[in-house]
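Quick note: the sequence shown uses the working numbering, first residue -8, plus one each step.
For glycine and all other residues, C-beta sits at the position ideal for the given N, C-alpha and C.
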Amino acid sequence: MTDQAYGRRAALAAAAALAAAARPASAQQRAAAPPPPATHNVRYSTGTAAARTPAPPDATDCHFHIYDARFPAAAGASLLPPDASVEDYRALQRRIGTTRGVLVQPSTYGTDNRLHLESMRALGRDRFRMVAVVNDRITDAELRQLHAQGVRGIRFNLIQAGATTIEMLEPLSRRIAPLGWHCQIHMTGTQIGEANDLLLRLPSRIVFDHRARLPAAQGLNSPGFTTVLRLLGQGKTWVKLSGLYMDTQAGPPGYADSVAIAKAFFAANPQRMVWGSDWPHPTQALNDKPDDAQLFDLLAECVPDAAARRRVLVDNPAELYDFPRARTAQRRTNG
């Protein structure tokens, strides 16, 4: 075949292909075609794709916040994020697949827990719990009332400091221990190392925010890492594999240094790891929010085994936050 003839044949074939593409697809072709991927527009979250990693039934987001200008910020609050509503959070759940969650009282509202108690009621106390912020003036009767409302821990934010101090930690830990609550601690890895002796003698359960905020430069060589390992060995300490974008030098999309720390914590005690989104990411600028689907997918890198991820997302939170365990037990029986 001459080059000229070949060119005519190629042109005719291309024209036929274009014509076929322009014709409407048949019903059979439409049925066979895969549906377009769903898009999710979630406020304060980059990207629109759903998480690729399947979330198991009762998967739990153990760390998120709600913000509402109806409630005044505490005097001297350093973080003043825009409104982030219950409905906004529901959109995040649809994107990543979680169905249980734990509201964490942020530093913005000090010891005024009304917004998060209201939000927990709106979300449903059968599937949501809360970590409150209190000081040493709270009464035992008020603690019991919070327990009845779904609170299962108290937070000490010693980075965005304000409502609580480290001096309150041991006395309040002693008072909440009989309730089965925990002290959720937001401290830098350096602060954790410096508070080693205090932390080791706390009588209540302990939960460390955001991989104990270990500095990326030191990582597993940080004194804070050594302290947390000791506490994990005692069996009453949990670590949140959250906030991969905090303290990272590697950055997105892989956050390799933060992932390495999360892997090390998981290896130390798989039964004491939980996961949280930290939505709406109040420490990040509005134009620098992370991709929540990507963050959820990175849990599969931190914890590659699906059964182990189910432990992190379902079983461990059920124990720590006192969620019903019936579904977990039924799944094991049927499995």
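Where Lys254 sits in the DSSP three-state scheme
helix
Suppose contacts are defined by Cβ-Cβ distances below 7 Å. Is Ser195 in contact with Pro206 by that definition?
no
Beta-carbon gap between Tyr312 and Arg120 smaller than 7 Å
yes
Which residues does DSSP list as the beta-bridge partners of Lys231?
Val265
Any idea what DSSP makes of Gln285, helix, strand or coil?
Shown here, Gln285 sits in a helix according to DSSP, grouped into three states.
Between the beta-carbon of Ala255 and the beta-carbon of Leu289, is there less than 7 Å?
no
Segment limits, alpha helix (DSSP H) that includes Met111:
Arg105 to Leu114
Where does Met159 sit, in a helix, a strand or coil, going by DSSP?
Of the three classes helix, strand and coil, the one that applies to Met159 here is helix, per DSSP.
If you pair each beta-carbon of the region 65 to 74 with each one of the region 241 to 254, do three or more pairs fall below 8 Å?
The region 65 to 74, when compared against the region 241 to 254, does not touch it at the 8 Å Cβ threshold.
Give the straight-line distance between the Cα atoms of Asn307 and Ala64, rounded to the nearest whole angstrom.
If I take the Cα positions, the gap works out to 33 Å.
With burial defined as no fewer than 16 other Cβ atoms inside 10 Å of the residue's Cβ, what is the status of Asp131: buried or exposed?
exposed
Cβ-based burial, Gln285 [other Cβ within 10 Å; buried from 16]:
buried
Run through DSSP, which three-state label would Asp52 get?
Residue state, collapsed to three classes: strand.
Inspect the beta-carbon positions of Thr179 and Arg204 and report whether they are closer than 7 Å.
yes
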